[in-house]
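First the structure, in the form of structure tokens, and then the observations on it.
Residue numbers (our numbering): 15 to 305.
Structural data, given as structure tokens:
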């Protein structure tokens with residue numbers, strides 16, 4: 015049974031009289047232990063798909079099964095609990111607290127857990143920092159660490175809840191090429207040694223090339239889903255698509271649509287409405303239609 019299943023998922027944003035489809039009729043399945051890259055030009059729907067898979071947004075319509083549990087209609091707080099139990103997130107900007115040590119940053123997602131003691135929490139953080147090669151940097155603050163070291167701290171923090179899925183949104187976007195290679199090597203090592211499922215959004219073809227499977231998005235649709243990276247490049251039509259900065263597409267080309275099912279349009283949308291109770295420090299807030 016697949017770990018992740020999407021069936022005919024749409025994500026539509028209402029902008030006044032305009033409806034913008036950021037994700038259009040998406041269907042896919044991801045097996046436990048897969049390493050998947052999500053690629054496509056800016057505004058293609060990559061981040062919207064990542065936010066949906068990461069329980070940061072919920073679909074406007076369609077079905078999302080995670081470990082055979084239907085999540086599409088869950089509210090904010092139940093989704094936050096799913097995130098804390100099943101998912102780990104790594105972002106481009108690290109999102110570390112400047113005044114706390116690397117060790118304390120890794121511990122953060124477990125601070126309010128009633129299922130783990132302070133001693134176990136500390137030991138788990140120590141073990142993870144050693145695993146990512148920072149055993150001698152535990153007491154350093156983010157400002158004392160290089161960009162690559164900060165991203166390793168962020169990866170350790172994402173793993174502290176023992177998630178089934180590790181999600182990365184442009185995790186090498188702020189790193190030089192050499193450091194990027196080291197971070198991607200770490201992702202591969204985690205995937206092979208721990209069997210953790212990895213899903214990455216990236217514009218960098220050198221990052222995407224390391225995945226076992228590439229899903230190409232364009233205009234909100236899944237344009238290709240392949241284990242052959244050259245086929246993915248062909249679907250993109252131009253390798254330059256990997257080099258753009260992923261920003262929200264302005265909805266200037268969207269047309270008012272009075273129908274319940276709007277004509278397909280596409281925009282990358284970043285959720286910005288906070289959860290009522292966001293329990294994990296490494297997950298971004300989400301935006302929903304009013305409950």
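From the three backbone atoms N, C-alpha and C, an ideal C-beta is built for every residue, glycine too.
When burial is assigned at 16 or more other CB atoms within 10 Å of the CB, is residue i buried or exposed?
| i | result |
| --- | --- |
| residue 181 | buried |
| residue 248 | exposed |
| residue 194 | buried |
| residue 216 | buried |
| residue 241 | exposed |
| residue 28 | exposed |
| residue 87 | exposed |
| residue 250 | buried |
| residue 73 | buried |
| residue 64 | buried |
Does DSSP put residue i in a helix, in a strand, or in coil?
| i | result |
| --- | --- |
| residue 3 | The structure shown has nothing for residue 3, since the chain only spans 15 to 305. |
| residue 250 | helix |
| residue 45 | coil |
| residue 315 | One cannot answer for residue 315 here, as it falls past the ends of the chain, which runs 15 to 305. |
| residue 158 | helix |
| residue 107 | coil |
| residue 31 | coil |
| residue 23 | strand |
| residue 77 | strand |
| residue 140 | helix |
| residue 50 | strand |
| residue 70 | coil |
| residue 174 | coil |
| residue 277 | Because the pLDDT of residue 277 is 40, which lies under 50, any placement of that residue in the model is unreliable, and the number read from its coordinates should be weighed accordingly. Residue 277 falls in the coil class under three-state DSSP. |
| residue 37 | strand |
If you follow the alpha helix (DSSP H) that residue i is in, where does it begin and where does it stop?
| i | result |
| --- | --- |
| residue 64 | 60–67 |
| residue 128 | Here residue 128 belongs to no alpha helix (DSSP H), and DSSP marks it neither H nor E. |
| residue 120 | 116–121 |
Flag this pair as yes or no: are the beta carbons of residue i and residue j separated by less than 9 Å?
| i | j | result |
| --- | --- | --- |
| residue 232 | residue 48 | no |
| residue 42 | residue 236 | yes |
| residue 20 | residue 56 | no |
| residue 34 | residue 110 | no |
| residue 116 | residue 156 | yes |
| residue 108 | residue 68 | no |
| residue 174 | residue 142 | yes |
| residue 70 | residue 97 | yes |
| residue 53 | residue 212 | no |
| residue 121 | residue 133 | no |
Between which two residues does the beta strand (DSSP E) holding residue i run?
| i | result |
| --- | --- |
| residue 227 | 227–232 |
| residue 184 | Residue 184 -> no beta strand (DSSP E), and no H or E assigned at all. |
| residue 215 | 211–215 |
| residue 323 | Limits of the chain in this structure are 15 at one end and 305 at the other, which puts residue 323 out of reach. |
In its own chain, which residues sit with a C-beta less than 7 Å from the C-beta of residue i, not counting the 5 before and 5 after it?
| i | result |
| --- | --- |
| residue 163 | 148 and 151 |
In chain order, what residues of the same chain have a beta carbon less than 6 Å from the beta carbon of residue i, not counting five sequence neighbours either side?
| i | result |
| --- | --- |
| residue 204 | 210 |
When the cut-off is 9 Å and only beta carbons count, does residue i lie next to chain C?
| i | result |
| --- | --- |
| residue 166 | As a matter of chain content, chain C is missing from the structure shown, which is built from one protein chain. |
Report whether the distance from the Cβ of residue i to the nearest heavy atom of the ligand GTP is below 8 Å.
| i | result |
| --- | --- |
| residue 239 | Here there are no bound small molecules, and the ligand GTP is not part of this structure. |
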